[in-house]
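S.K.:
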Amino acid sequence: MRKKLLSEDFLTFEHTDGLNYVVVEGARIDDISRLFGIRNTDILQVNLTEGLGFGALYPKSNTELLNKERYNEFHIAGVGVNAKAGLHLTFLKYFRIVGELKGGYINMYDVRTTYDIADKAKHDFFFFETVLGIGGVFRF
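Taking the numbering used here, the leading residue of the sequence shown gets 29, the next gets one more, and so forth.
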C-alpha cells in the first residue's frame, strides 16, 4: 500500500485568536489560618479556595478545506466545565500570593471549517492548568 502525503491544499486549520473559553465561575474562600496556629491574620492569612465553572467556547477558527473559501470568523463552537482549588496567602493585609490548580473538560461539537454550515469538525479534550499570581488587596 502506497502512502499519500496530505498537503496544505487539503486542510489548513488553526484557532488563530486562542480558544476563548468564556466562563462563569463561582468560588468559595475559607480562612484556614487557625489550622496553622496563626492568630493575627493582619500579619499573615491563609485562605483555601475552591470553585466550579462552566462556559462556552468562542474561537476564531482560520480554516481552509479542500480549496474552498477560507473561513476565518468567530463562532460559538462548544461548551466546557471546570473545577479549581488553591491557596491564597495574604501578608500585612494587602499583599497576596495565589496558587491554584484548575482542570476541566471541553467539548467542541460545532467547529466551522467552511462557510457552509453543514461543514464542521468536532473534538473534545481534558485540560489542566496551574496559576501562580502575585498582587495586592484593595478595599473599596
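Just so it is clear, CB atoms sit at the ideal spot from N, CA and C, and this is done for glycine as well.
This one's a predicted model, so the numbers in the text were calculated from it and none came from an experiment.
To test your reading of the DSSP string, which unbroken beta strand (DSSP E) runs of 3 or more residues are found completely within the stretch 70-157?
M.R.: Here the runs fully enclosed are 72-85, 88-93, 99-102, 106-119, 123-140.
S.K.: Mind checking who isoleucine 57 pairs with in its DSSP beta bridge?
M.R.: Paired residues: Thr77.
S.K.: What separation, rounded to the nearest whole angstrom, lies between the Cα atoms of isoleucine 57 and valine 74?
M.R.: The alpha-carbon atoms of isoleucine 57 and valine 74 are separated by roughly 10 Å.
S.K.: Taking only the alpha-carbon atoms, compute the straight-line gap between lysine 88 and aspartate 152 and give it to the nearest angstrom.
M.R.: For lysine 88 and aspartate 152, the distance between alpha carbons rounds to 17 Å.
S.K.: Using three-state DSSP, classify leucine 63 as helix, strand or coil.
M.R.: Three-state result, leucine 63: helix.
S.K.: For leucine 160, which residues does DSSP report across the bridge?
M.R.: According to DSSP, which records beta bridges pairwise, leucine 160 is partnered with Gly127.
S.K.: Should alanine 55 be labelled buried (16 or more other beta-carbon atoms within 10 Å of its own) or exposed?
M.R.: So alanine 55 counts as exposed.
S.K.: Hey, would you say glycine 114 sits closer than 8 Å to glycine 127, going by beta carbons?
M.R.: Yes, the Cβ-Cβ distance between glycine 114 and glycine 127 is below 8 Å.
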